[in-house]
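Written as structure tokens, this is what we have:
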């Protein structure tokens with residue numbers, strides 16, 4: 002993880018190769034000591050602490066699989082996959098934002114495969130093509146992490162709506178993920194467009210920008226910064242907020258009343274893989290009930306019909322607060338939206 006930025010002015014984290022890392026050490030590799038171990042490369046945008054549990058579950062189910070993990074944020078992984086499309090280096094993509102996988106689907110970069118027992122997933126959580134091109138894992142939602150101690154020092158109220166965040170009293174107090182590098186940042190932008198309408202959403206982002214101190218590389222980082230007092234308000238998502246609060250951070254997790262953006266973590270086989278049978282085995286595991294039970298420890302919504310989150314932090318009516326998300330529209334417009342956003346706000 003990149004170190005937190007301390008400067009008050011806006012900073013955009015570099016997306017160079019230094020931030021992309023492949024987990025090839027023993028701690029980051031799901032492996033077997035057998036000489037017959039099947040080796041595949043998996044690109045992922047899953048949070049690092051969550052990935053450790055998933056690696057453990059995979060090792061239990063398939064000790065013969067040896068996985069080289071390459072982990073970074075959604076934007077970086079997406080850019081890497083697109084850059085490598087003529088010479089794919091990954092065999093599987095796991096836990097990437099669905100809108101990014103749909104960009105790859107449009108470019109015919111995903112290998113169709115119907116996993117065993119895919120019918121056990123909710124229909125919204127897998128491709129409805131005759132032979133699916135992707136399968137879902139989890140869904141995550143936008144949230145605002147507020148450091149209540151720092152806010153109290155400034156004698157300011159806790160914001161309750163997206164519009165509240167544009168009030169001048171919060172000038173310089175907000176950190177947001179860069180939508181070009183963060184799936185969470187992009188889901189926020191597309192949600193505002195679906196909540197307010199496209200023209201009004203750009204006006205909203207112009208007003209919000211006046212209160213932003215930094216746009217950062219990661220979707221969870223604004224919440225982590227709020228937890229450490231490095232910012233007062235972080236536009237992020239629910240999971241890191243609840244986790245940090247359970248560890249004693251003075252955080253209030255706010256779900257803005259206008260509605261919540263959300264995204265789906267999904268997986269797919271990269272077309273052109275030379276390890277197709279091993280990649281299919283990995284995808285079969287990724288949609289299994291056991292894998293989904295591991296996902297459910299971190300998320301309120303998972304793909305498997307028979308798995309329900311036992312996490313009590315998330316509000317019971319969370320699903321009703323989500324906007325009606327058009328993933329295909331968001332994928333189709335991704336390049337255009339990010340180009341406009343960068344022109345307006347990357348300074």
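Numbering (my numbering), first residue to last: 2 to 348. Glycine is no exception: its CB is placed at the ideal position from the N, C-alpha and C atoms. Bear in mind that the values here come from a model prediction, so they are computed numbers and not experimental data.
To the nearest angstrom, how far is it from the Cα of residue 146 to the Cα of residue 234?
Taking the straight line joining both Cα atoms gives about 6 Å.
With residue 290 as the anchor, note down where its alpha helix (DSSP H) starts and where it stops.
It spans 290-296 - the alpha helix (DSSP H) in which residue 290 sits, taken as one unbroken run.
Is the distance from the Cβ of residue 212 to the Cβ of residue 152 below 9 Å?
Not closer than 9 Å, so no.
Just the C-alpha distance for residue 347 and residue 181, rounded to the nearest angstrom, thanks.
Approximately 10 Å, taken between the alpha carbons.
In the DSSP output, which residue or residues are listed as bridge partners for residue 266?
Answer is 98 and 139.
With C-beta atoms as the reference, is residue 280 less than 9 Å away from residue 125?
No. Outside cutoff.
Do you know offhand how far residue 77's Cα is from residue 184's?
If I take the Cα positions, the gap works out to 10 Å.
Quick check on residue 169: does DSSP put it in helix, strand or coil?
Note: residue 169 maps to helix in three-state DSSP.
Three or more C-beta pairs closer than 8 Å, one from the stretch 155-169 and one from the stretch 113-121: is that the case here?
In short, these stretches do not touch, since the Cβ pair count stays below three.
Can you grab the Cα-Cα spacing for the pair residue 207 / residue 231, in whole Å?
Cα-Cα distance, rounded: 23 Å.
Where DSSP assigns a beta bridge to residue 148, which residues make up the other side?
Residue 148 pairs with 252.
Can you name the start and end residues of the alpha helix (DSSP H) that residue 335 belongs to?
Looking at the DSSP string, the run of the alpha helix (DSSP H) that includes residue 335 is 335-346.
Quick check on the burial criterion: 16 or more other C-beta atoms within 10 angstroms. Buried or exposed for residue 88?
Exposed, by the Cβ-count rule.
Could you round the C-beta distance between residue 296 and residue 144 to whole angstroms and report it? I think they count as a contact, below 8 Å.
Rounded, the Cβ-Cβ distance is 18 Å, inconsistent with contact.
Just checking my contact of residue 241 with residue 149 at CB under 8 Å: how many whole Å lie between their CB atoms?
16 Å between Cβ atoms; not a contact.
Let's see if you can read the secondary structure: which residues bound the alpha helix (DSSP H) around residue 190?
Residues 184-197.
Which residue wins for smallest C-alpha separation from residue 70, given the options 43, 249 and 102?
Nearest C-alpha to residue 70: 43.
For the beta strand (DSSP E) containing residue 42, list its first residue and its last residue.
Residue 42 -> beta strand (DSSP E) spans 39-45.
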